[in-house]
Structures are given as C-alpha cells and as structure tokens.
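Written below as structure tokens is the structure these notes are about.
If you want it as structure tokens, here you go:
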C-alpha cells in the first residue's frame, strides 16, 4: 500500500508524490509542500538534515509525478516522473532518477546523486552530481560543490562546474554568501567564469533585517562593467504586524 499527496502549482502543473506506508507519523511530518521539496531538493541552501541514525522507520518518497494541464483536451498529462529515490541511514536522499514522458513511454533524462558531510551533529549536502542520459548510458553533466564555514556551519560558497569532453570539470559559476553579526545572510554575490579573467561578478542580492532578525528587504543588483560598479535593479520589501507576522 502506498500513500499519495497531490499539489497544484500555478494552476498549470500538478505534482503527485507517492510514499511507502510504514509509519503514519512520517507522513504527518511531510504534509507541508516545502518540507516535501526539501526532502528531495538539496540544492536549497536553507535545507539542513540532522546527522542522527534512524531509530524507527519513517515515510520515504517512493515517486514524484508531475503533470501539465493540456487546455486543448482539458486533461492533465504526465510530463515528468522521478523514481528510484534512495535514502541513506540518516534519511538523506542520495540518488534519484528523472524521466520524461513521451509517446513511446518514459524516456531517461537525468540521474541526480548527492553526497553529504557531517558538521556539528548535522548532515549537510556536500556535492550534487547530475548525470545526463545520452541514449545508451549516463554521462557526467553538472556538479555543484557546497562549501561551509566549519566554525559557524554557514554555507559560504556554491560552485557549479560542467563536464568537458574528457570527463574533467570546467568552472561555470559561483555564489559567495556573507552573513551579519547575528548570523543572517546579508549578501549573495553571483559570478560567472571567463577563461581569460577567472570569476567575474554578474549579479548580487543584499538582505536587510529588523531588530528581531526578520527580513525587511531584498535588493537585487547587476554589475555594470562600463562603470565597474553595481547597479540596483529591483527590491522586495516585507512588512510585519504587531504580532510579528508578515502582512
């Protein structure tokens, strides 16, 4: 027996997530969509997983099916499925396979593999490797490497590389993260690799907080090489009521 959850996104896509049914309390913990996404999307730098061996069986994702609404037929059509989802002893997903639905059936697309490291009783993602199907086998495609400050446990860099023709790795982009004295993310600088000049700044975001460490605003910038300076482009502002809730 399997348990399934259904989620609509932007009224044009539908996700169906199937679980094994060994423990109801595990499902209760996963009924929030963001928690579900965190369980299988370790590219999210906010996700933290405790490095504690499993003492009792918990719910695990068995599969994820993504549907797209077809207006001409007024039906939901399967477009993607994620299967072969595997967990380690600490309930971290370390392997999953993504396939595309075609008229011939499901076609292999990508295998994602994750590796973790322990930091102060926590398990955090260390690398994410995407392997692409070339018609006969999976080849290395993209590698993300996460770098942490081992004193503060904070993510300080995220590097992305792609495989070259010789199965080596070529730098593509990098995110650098900076924090204020309260441990809040204050700046995120995104750079692109240029063969002649190394990493060059492309964009950044700055984050401001109130006295309660609640996010006040996020400002986005683009780098203007004509004047060699940052150019502000967009700002999101957050307001809170007397109860401290975002309104």
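Residue numbers (this note's numbering): 10 to 256. The C-beta atom is built at its ideal place from N, Cα and C for all residues, glycine as well.
- Residue 107 counts as buried, since at least 16 other C-beta atoms from the protein chains shown sit within 10 angstroms of its C-beta.
- Residues 124, 154 of the same chain have their beta carbon placed closer than 6 Å to that of residue 136, with the five preceding and five following residues left out of the count.
- Along the stretch 115–201, the beta strand (DSSP E) occurs as fully enclosed runs of 3 or more residues at 131–142, 147–157, 164–172, 178–188, listed in sequence order.
- Exposure of residue 190 is indicated by the presence of fewer than 16 other C-beta atoms within 10 angstroms of its C-beta.
- The shortest C-alpha to C-alpha distance from residue 140 to any of 132, 146, 133, 150 is the one to 150.
- By the CB criterion at 8 Å, residue 221 and residue 211 fall outside the cutoff.
- In the three-state scheme derived from DSSP, where H, G and I count as helix and E and B as strand, residue 77 is classed as strand.
- In terms of CA proximity to residue 75, 89 leads the group 89, 69, 83, 81.
- A direct Cα-Cα distance of roughly 19 Å separates residue 194 from residue 255.
- In terms of Cα proximity to residue 86, the closest of 156, 205, 114, 173 is 114.
- A distance below 6 Å between beta-carbons, with the five flanking residues on each side excluded, links residue 158 to the following residues of its chain, in chain order: 165.
- Nearest to residue 242 by alpha-carbon distance, out of 172, 228, 252, is 228.
- Looking only at 170, 95, 23, the smallest Cα-Cα distance to residue 79 is reached by 23.
- Note that the C-beta distance between residue 122 and residue 99 is not below 8 Å.
- In the DSSP annotation of this structure, the continuous segment of the beta strand (DSSP E) that includes residue 93 starts and ends at 84–96.
- Residues 133, 135 of the same chain have their beta carbon placed closer than 7 Å to that of residue 126, with the five preceding and five following residues left out of the count.
- Taking the Cα positions, residue 226 is about 26 Å away from residue 236.
- For residue 238, the enclosing beta strand (DSSP E) starts and ends at 238–246.
- Here residue 183 is near residue 168, since their CB atoms are less than 8 Å apart.
- For residue 249, the closest of 223, 239, 238, 234 by C-alpha to C-alpha distance is 223.
- In chain order, 183, 200, 202 place their CB closer than 6 Å to the CB of residue 208, counting only its own chain and leaving out the 5 sequence neighbours on each side.
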